[in-house]
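Asks: Its first residue numbered 9, the sequence shown is counted upward by one per residue in my numbering. For each residue, glycine too, the CB sits at the ideal point set by N, CA and C. Bear in mind that the values here come from a model prediction, so they are computed numbers and not experimental data. Pasting a structure below so you can have a look.
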Amino acid sequence: MSVLRTCLRRAPKLSLAGARCKSTVVPPVDIRLGDTHTPRCQAHFENTLADDLLYLTYNHNSTIHPPTPAVPPRWDMTNPYAKNRPPPSPRGNRPLQSSGLPTTADNLPRLEKIILHTMIKDAITNKSHLLGPMMALRAISGQTNRGGGQRAHEGVKICYSRAASAAFRLRPGVPISLQVELHGPQMYEFINTLVEFVLPRMREFRGVSMPPASAAKSSPSAMAGVVAFGLPKEAFALFPQLEVNLDSYPRMCGMHVHFITNLRGRDAQQRARALVSGFQIPFVRA
9 MSVLRTCLRR
19 APKLSLAGAR
29 CKSTVVPPVD
39 IRLGDTHTPR
49 CQAHFENTLA
59 DDLLYLTYNH
69 NSTIHPPTPA
79 VPPRWDMTNP
89 YAKNRPPPSP
99 RGNRPLQSSG
109 LPTTADNLPR
119 LEKIILHTMI
129 KDAITNKSHL
139 LGPMMALRAI
149 SGQTNRGGGQ
159 RAHEGVKICY
169 SRAASAAFRL
179 RPGVPISLQV
189 ELHGPQMYEF
199 INTLVEFVLP
209 RMREFRGVSM
219 PPASAAKSSP
229 SAMAGVVAFG
239 LPKEAFALFP
249 QLEVNLDSYP
259 RMCGMHVHFI
269 TNLRGRDAQQ
279 RARALVSGFQ
289 IPFVRA
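This is the structure:
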């Protein structure tokens, strides 16, 4: 009879709180979201564009005839006042620049990151005007602070003014602009969206303006390997992430797009344009 009562008795309720000992420390679960596929633009660069850039940007004289280093100026040691004096600076209004690395398969032109930057003038008087563009940049880039467990993701950052300007009623420490950095697959996904959805539907877009042929090739911008251009505020409405719910993002504004490459030195910007044009971004001569 006791055995029958035991069999017909209700099953006890189990709970995780009761089964777990209070002295047991539960370790934190580190979950990181990885890549699920290779973006189309990244596969295009690895399979097609990398070989073409090696052929187009190869310089036969980069290793055979290296540039002769300039002799640094020195003080006249016969002058007693020149003793213990720091060496003089090179002549000219620009510092000496490196000639760049030789063209090999290991240092091909490649993208390091893409920076999206926008400045909101109305935020000088009212900080709430930053909320609309901030949410728009989050939707376009898909990045949040440490999103997906990636500590390198900083999300959309707020930039503060450094100096005061009486003409713009600006003082130091005022939030006036937003910035977000794209790396890895998200960088190539942004290029795909920009090329397939945004640029073809812009009516007045002829291409990214290039400096004239008479521009100095030794300027800091020509040797930095950075390609930058601006998009008007009408381009925000063409992104598919914002187009489906455009009313949720008030006060649209334009933005600057900076393509940061690994190129430095002589002809760095020209090779960077060849890299960016391989992703179907047109260029026009100003």
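(1) With respect to 8 angstroms, is the separation between the Cβ of S185 and the closest non-hydrogen atom of the ligand GDP below this value?
(2) Identify the residues that DSSP records as bridge partners of T126: which are they?
(3) Alpha carbon to alpha carbon, how far is Y196 from D275?
(4) Tell me K165's beta-bridge partners as DSSP assigns them.
(5) Let's test the definition: count the other Cβ atoms within 10 Å of the Cβ of Y89 and tell me whether it reaches 16, buried, or not, exposed.
(6) Please identify the residue among M260, T133, T86 whose C-alpha is closest to the C-alpha of L239.
(7) Do the CB positions of I184 and I128 come within less than 9 angstroms of each other?
(8) By a C-beta neighbour count over all protein chains shown, 10 Å radius and 16 as the cutoff for buried, is T14 buried or exposed?
(9) Beta carbon of A230, beta carbon of A221: below 9 angstroms?
(10) Let me confirm a value: A51 is counted as buried when at least 16 other C-beta atoms fall within 10 Å, else exposed. Which label applies?
(11) Just to confirm, are V216 and V284 a CB contact at a threshold of 9 angstroms?
(12) Check the DSSP bridge columns for H266 and list the partner residues they point to.
(13) So, does the CB of F198 fall closer than 9 angstroms to a CB anywhere in chain B?
(14) Roughly how many angstroms lie between the CA atoms of R214 and V265, to the nearest whole one?
(15) With a 10 Å radius around its C-beta and 16 neighbouring C-beta atoms as the bar for buried, classify P208 as buried or exposed.
(16) Quick test of the definition: if touching needs 3 or more C-beta pairs under 8 angstroms, does the region 168 to 186 touch the region 284 to 293?
(17) With a CB to CB cut of under 6 angstroms and the five nearest residues on each side skipped, what residues in its chain are close to P96?
(18) Name the one or two DSSP bridge partners that S222 has.
(19) Would you give the residue range spanned by the beta strand (DSSP E) that F291 belongs to?
(20) To the nearest angstrom, report how far apart T44 and H191 are at their CA atoms.
Replies: Working from what's here:
(1) Ligands displayed in this structure: none; no statement on the ligand GDP is therefore possible.
(2) Numbered from its first residue, the sequence shown carries residue 126 at position 118. Paired residue(s): L186.
(3) Position 188 of the sequence shown, counted from the start, is the residue given in the question as residue 196. Position 267 of the sequence shown, counted from the start, is the residue given in the question as residue 275. Going by the C-alpha atoms only, they are around 24 angstroms apart.
(4) Within the sequence shown, residue 165 is the residue found at index 157, counting from 1. Answer by DSSP bridge pairing, in chain order: Q187.
(5) Here residue 89 refers to the residue found at position 81 of the sequence shown. By the neighbour-count rule (16 or more Cβ atoms within 10 Å), Y89 is not buried but exposed.
(6) By 1-based counting over the sequence shown, the position of residue 239 is 231. The residue with the shortest Cα to Cα distance from L239 is M260.
(7) Here residue 184 is taken as the residue at index 176 of the sequence shown, counted from 1. Here residue 128 is taken as the residue at index 120 of the sequence shown, counted from 1. Cβ distance < 9 angstroms, so I184 and I128 count as in contact.
(8) The residue given as residue 14 occupies position 6 in the sequence shown. Its pLDDT being 49, under 50, T14 is placed unreliably by the model, and nothing is read from it.
(9) Position 222 of the sequence shown, counted from the start, is the residue given in the question as residue 230. Position 213 of the sequence shown, counted from the start, is the residue given in the question as residue 221. Against a cut-off of 9 angstroms, the Cβ pair of A221 and A230 comes out as no contact.
(10) Taking the first residue of the sequence shown as position 1, residue 51 is located at position 43. Per the 10 Å Cβ criterion, exposed.
(11) Residue mapping note: residue 216 aligns to position 208 of the sequence shown, counting from 1. Residue mapping note: residue 284 aligns to position 276 of the sequence shown, counting from 1. Yes, Cβ-Cβ distance for V216 and V284 is below 9 angstroms.
(12) Within the sequence shown, residue 266 is the residue found at index 258, counting from 1. Per DSSP, I123, A236.
(13) Chain labels in this structure do not include chain B; a single protein chain is all it has.
(14) Within the sequence shown, residue 214 is the residue found at index 206, counting from 1. Within the sequence shown, residue 265 is the residue found at index 257, counting from 1. The alpha-carbon of R214 is positioned some 16 angstroms away from that of V265.
(15) Position 200 of the sequence shown, counted from the first residue, corresponds to residue 208. Around the beta carbon of P208, fewer than 16 other beta carbons sit within 10 angstroms, so the residue counts as exposed.
(16) The count of Cβ pairs closer than 8 angstroms, one atom from the region 168 to 186 and one from the region 284 to 293, stays below three, leaving the stretches out of contact.
(17) Counting from 1 along the sequence shown, the entry for residue 96 is found at position 88. So the qualifying residues of the chain are P81.
(18) Position 214 of the sequence shown, counting from 1, holds the residue named residue 222. DSSP output for S222 lists no bridge partner at all.
(19) Position 283 of the sequence shown holds residue 291. Its beta strand (DSSP E) spans residues 291 to 293.
(20) Counting from 1 along the sequence shown, the entry for residue 44 is found at position 36. Counting from 1 along the sequence shown, the entry for residue 191 is found at position 183. Taken atom to atom, the span from the alpha-carbon of T44 to that of H191 is near 16 angstroms.
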